[in-house]
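Peer 1: So the sequences go chain by chain: A and B.
Using the working numbering, count along the first sequence one by one with no gaps and you end on 338.
Using the working numbering, count along the second sequence one by one with no gaps and you end on 338.
Cβ coordinates follow ideal geometry from the N, Cα and C atoms, glycine included.
These numbers come from a predicted model, not from an experiment.
I'd like to ask you about the structure that follows.
2 protein chains.
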Amino acid sequence: MPKLDESLLTGLPPFSLLERTQIREILGLATPRRFDEGTAIFSEGFAADHFFLLLDGYLRVVRTTPGGDQIIVLHISPGQLFGIAPALQRDTYPATAIAAAESIALSWPARLWPEFTAKYQGFASESFKTVGQRLGQIQDTLTEMATQAVEKRVAAAVLRMVNQSGRKTDQGIEIAFPITRQNISDMTGTTLHTVSRLLSAWEKDGIVRSTRKHIVVTDPHRLVLISDAQG
Amino acid sequence: MPKLDESLLTGLPPFSLLERTQIREILGLATPRRFDEGTAIFSEGFAADHFFLLLDGYLRVVRTTPGGDQIIVLHISPGQLFGIAPALQRDTYPATAIAAAESIALSWPARLWPEFTAKYQGFASESFKTVGQRLGQIQDTLTEMATQAVEKRVAAAVLRMVNQSGRKTDQGIEIAFPITRQNISDMTGTTLHTVSRLLSAWEKDGIVRSTRKHIVVTDPHRLVLISDAQG
DNA sequence: CGCACTCTTGAGCTTTCTCAAACCTCGTGG
DNA sequence: CCACGAGGTTTGAGAAAGCTCAAGAGTGCG
């Protein structure tokens, strides 16, 4: 097991109010683990026996319908807590978490949750803040799905990923994890064909540039216009 | 101000573990209020200075897009906490709550939230359970919206309302609050025209029976078949 | 008794999906 | 080091679901 440095947690919201010694304590209880791209960290419906913190990489949070359709509910970026079903008194995970890229996460047994919230100043409130933000995010997505045409939904989905994980390159802003047309269609409730056509059109217009599993937004402003345009 | 009877809260999940005296204490701090059909209890984006419990009636939780489209995120039934933004460290409400029928609610100032969770055994955990359930519910709706055809979404929406508020009549099970075609289209991301056509067709098939703002499901089983059918 | 709101229904049109086929890219194993 | 195969992407053509536009009829409140 690799040695865990306390700097890993310092400054992250749920731990920002804590003393060094407390952070060391928390790290001592954590189990770090690496996940290959495509691996499930936990699965929908399974016993929620751990909660997690993503140290590095990106995750997709996914739900699958009885009919076999898949939808990506949200993405998790480094520094975020996830799998916090224990916080909501759930005994099973409500969705599946899959590594979108090679990822490293810390995990703690669910039984430590009440202890953490009782013992560590600010841990509970920051965690619930995360829940609140995520709830808001899902509501936004729902609203968008219910009211916007496909092109806007796809533009908004791409922008969300860019905002959450974008890194600057000389070409523009690049989504930091592998992403397929199929993935985007799972985020927006459309088909990979439609996404492919849209990206092709945008590429022709100089708004994006993409290769296999890889998207660079060269003109974010135009993409914002597409996602915001009313009608 | 009407006298509040402690039996109002006894047995409701967030209060079920409490002593009589505690319940009396909590009631003493509450402000009861009546809302006419169509009135907003609170509005999206406004300061989240209170949290609430619905005693009687039904609420719609609604979001409005910049483009003016409206979507109904969920309904609240009697006995449920709502407007619990304070629990999630939010300082504004993420959605608008509107009385779907004449309703009565208790409200408490948001600053009492930390006090309640600290002081009353089980209040925090039950409240977070509610949050978790609501999160799951919204995720279900999102998944449905992203993957199912309009007819199934409408069938599912009607069934959800029936399950949450249905009361038996000699004709079948009746949705207990006024509901228009437009309302249903706002729940399912379609148009009132399409909803009207679907209800007409179902009525012809003997599955539902409806008058102005009023729906009775005469054959719930067939409706379940429609909402579940795969394809 | 009239006006505002709700509901119904038809016709035509758009958007998006489905089906189909081909091409590209990259990793793997011979 | 090349060939192969799996997975990812592109594009066209046709079909279909559901939307828009339009008009009219029913319902109930003030």
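(1) Once the 5 residues before and after N270 (chain B) are set aside, which same chain residues still bring their CB inside 7 Å of it?
(2) I need the straight-line Cα distance from L124 (chain A) to A225 (chain A), nearest angstrom please.
(3) Any C-beta of chain B sitting closer than 8 Å to the C-beta of I291 (chain A)?
(4) Which residue from B:P185, B:A262, B:F149 and B:I130 puts its Cα closest to that of R304 (chain B)?
(5) When every heavy atom of the ligand SAM is checked, does at least one fall within less than 7 Å of the C-beta of R197 (chain B)?
(6) Is there contact here, the region 192-201 of chain B with the region 300-320 of chain B, by at least three beta-carbon pairs under 8 Å?
(7) Would the beta-carbon of S234 (chain A) fall within 8 Å of that of P121 (chain A)?
(8) Quick one: give me the first and last residue of the alpha helix (DSSP H) that S210 (chain A) is part of.
(9) Strictly below 8 Å CB to CB, what residues from chain B border I245 (chain A)?
(10) Where in the region 148-229 of chain B do unbroken runs of the alpha helix (DSSP H), each at least 4 residues long, occur, reported from the N-terminal end onward?
(11) To the nearest angstrom, how far is the alpha carbon of T297 (chain B) from that of P221 (chain A)?
(12) Thinking just about the alpha-carbon of each residue, which of B:A192, B:R288, B:R197 and B:I205 is nearest to the one in I183 (chain B)?
(13) Helix, strand or coil: how does DSSP classify F142 (chain A) here?
(14) Under 9 Å between beta-carbons, which chain A residues line up against F189 (chain B)? List them in chain order, please.
(15) Can you list, in chain order, the residues of the region 152-178 of chain A whose Cβ is nearer than 8 Å to any Cβ on chain B?
(16) So which residues of chain A does P139 (chain B) contact, with C-beta pairs closer than 9 Å?
(17) Between which two residues does the alpha helix (DSSP H) harbouring S303 (chain A) extend?
(18) Please list the partners that F235 (chain B) has in chain A, where partner means a Cβ-to-Cβ separation under 7 Å.
(19) To the nearest angstrom, how far is the alpha carbon of L299 (chain A) from that of V331 (chain A)?
(20) Check whether the region 280-289 of chain A touches the region 241-253 of chain A, counting contact only when three or more Cβ pairs, one atom from each stretch, lie closer than 8 Å.
(21) Assuming T172 (chain A) and E151 (chain A) make a contact with CB atoms under 8 Å, what is their CB distance in whole Å?
(22) For Q289 (chain B), does the count of other Cβ atoms within 10 angstroms reach 16, so buried, or fall short, so exposed?
(23) Pull up the DSSP beta-bridge partners for H328 (chain B), would you.
(24) Which residues of chain B have a Cβ atom closer than 7 Å to the Cβ of S114 (chain A), listed in chain order?
(25) Run through the DSSP bridge pairs and tell me what R260 (chain A) is partnered with.
(26) Is there at least one Cβ from chain A nearer than 8 Å to G186 (chain B)'s Cβ?
(27) What separation, rounded to the nearest whole angstrom, lies between the Cα atoms of L116 (chain A) and P139 (chain A)?
(28) Who are the neighbours of G239 (chain B) on chain A, taking C-beta pairs under 7 Å?
(29) Provide the residue span of the alpha helix (DSSP H) that contains S317 (chain A), from first to last.
(30) For G296 (chain A), return the contacting residues in chain B, with the cut-off set at a CB-CB distance below 8 Å.
(31) Tell me the rounded alpha-carbon separation between H157 (chain B) and E281 (chain A).
Peer 2: If we stick to the structure as given:
(1) Reading the second sequence from its first residue, position 163 is the one you call residue 270 (chain B). Hits under 7 Å: none found.
(2) Numbered from its first residue, the first sequence carries residue 124 (chain A) at position 17. Numbered from its first residue, the first sequence carries residue 225 (chain A) at position 118. Distance between the alpha carbons of L124 (chain A) and A225 (chain A): 14 Å.
(3) Reading the first sequence from its first residue, position 184 is the one you call residue 291 (chain A). Not one beta carbon of chain B lies nearer than 8 Å to the beta carbon of I291 (chain A).
(4) As a position in the second sequence, residue 304 (chain B) is number 197, starting the count at 1. The option with the nearest alpha carbon to R304 (chain B) is B:A262.
(5) Looking at this structure, you won't find the ligand SAM or any other ligand, since it has none at all.
(6) As far as the Cβ criterion goes, the region 192-201 of chain B does not touch the region 300-320 of chain B, which means the pair count is below three.
(7) Taking the first sequence and counting its residues from 1, one reaches residue 234 (chain A) at position 127. Taking the first sequence and counting its residues from 1, one reaches residue 121 (chain A) at position 14. Yes, the Cβ-Cβ distance between S234 (chain A) and P121 (chain A) is below 8 Å.
(8) Position 103 of the first sequence, counted from the first residue, corresponds to residue 210 (chain A). Counting along the chain, S210 (chain A) falls outside any alpha helix (DSSP H), though it belongs to the beta strand (DSSP E) covering S210 to P216.
(9) Here residue 245 (chain A) corresponds to residue number 138 of the first sequence, with the count starting at 1. Those within 8 Å of I245 (chain A) in chain B are L242, I245, Q246 and L249.
(10) If we require 4 residues or more, the alpha helix (DSSP H) runs fully inside the region 148-229 of chain B come out as 219-226.
(11) Position 190 of the second sequence, counted from the start, is the residue given in the question as residue 297 (chain B). Position 114 of the first sequence, counted from the start, is the residue given in the question as residue 221 (chain A). Each residue's Cα considered, the two are about 43 Å apart.
(12) Here residue 183 (chain B) is taken as the residue at index 76 of the second sequence, counted from 1. Considering only alpha carbons, the answer is B:I205.
(13) As a position in the first sequence, residue 142 (chain A) is number 35, starting the count at 1. F142 (chain A) falls in the strand class under three-state DSSP.
(14) In the second sequence, the residue the question calls residue 189 (chain B) occupies position 82. Neighbours of F189 (chain B) on chain A: none; closest Cβ ~13 Å, over 9 Å.
(15) Listed in sequence order: R170, T172, P173, G174, D176 and I178.
(16) Numbered from its first residue, the second sequence carries residue 139 (chain B) at position 32. For the C-beta of P139 (chain B), not a single chain A residue is nearer than 9 Å; the gap to the nearest is close to 27 Å.
(17) As a position in the first sequence, residue 303 (chain A) is number 196, starting the count at 1. Looking at the DSSP string, the run of the alpha helix (DSSP H) that includes S303 (chain A) is L299 to K311.
(18) In the second sequence, residue 235 (chain B) corresponds to position 128, counting from 1. In chain order: A194, L195 and Q196.
(19) Numbered from its first residue, the first sequence carries residue 299 (chain A) at position 192. Numbered from its first residue, the first sequence carries residue 331 (chain A) at position 224. Going from the Cα of L299 (chain A) to the Cα of V331 (chain A) covers about 21 Å.
(20) Segment contact: the region 280-289 of chain A against the region 241-253 of chain A, fewer than three CB-CB distances shorter than 8 Å; contact not assigned.
(21) Taking the first sequence and counting its residues from 1, the one referred to as residue 172 (chain A) is at position 65. Taking the first sequence and counting its residues from 1, the one referred to as residue 151 (chain A) is at position 44. The pair is not a contact, with the Cβ atoms about 11 Å apart (cut-off 8 Å).
(22) Along the second sequence, read from residue 1 onward, the residue named residue 289 (chain B) stands at position 182. Classification of Q289 (chain B): exposed, given that the 10 Å Cβ count is below 16.
(23) Residue numbering aside, residue 328 (chain B) sits at position 221 when the second sequence is read from its first letter. In the DSSP output, where bridge partners are listed per residue, H328 (chain B) has none listed.
(24) On the first sequence, position 7 is the one that residue 114 (chain A) refers to. Correct list: empty, because the minimum Cβ distance to chain B is about 26 Å.
(25) Looking up residue 260 (chain A) in the first sequence gives position 153. DSSP, once it has assigned bridges, lists no residue as partnering R260 (chain A).
(26) Indexing the second sequence from 1 puts residue 186 (chain B) at position 79. Closer than 8 Å to the CB of G186 (chain B) there is not a single CB belonging to chain A.
(27) For the purposes of this step, residue 116 (chain A) is taken as residue 9 along the first sequence, with counting starting at 1. For the purposes of this step, residue 139 (chain A) is taken as residue 32 along the first sequence, with counting starting at 1. CA-to-CA, the gap between L116 (chain A) and P139 (chain A) works out to about 13 Å.
(28) Locating residue 239 (chain B) in the second sequence gives position 132, where the first residue counts as 1. Under the 7 Å cutoff, chain A gives L195, Q196 and R197.
(29) Position 210 of the first sequence, counted from the first residue, corresponds to residue 317 (chain A). Note, S317 (chain A): premise wrong, no alpha helix (DSSP H); beta strand (DSSP E) at V315 to T318.
(30) Locating residue 296 (chain A) in the first sequence gives position 189, counting from the first residue. Per Cβ cutoff of 8 Å: M252, A253 and T254.
(31) For the purposes of this step, residue 157 (chain B) is taken as residue 50 along the second sequence, with counting starting at 1. For the purposes of this step, residue 281 (chain A) is taken as residue 174 along the first sequence, with counting starting at 1. Looking at the backbone, the Cα of H157 (chain B) and that of E281 (chain A) are separated by about 42 Å.
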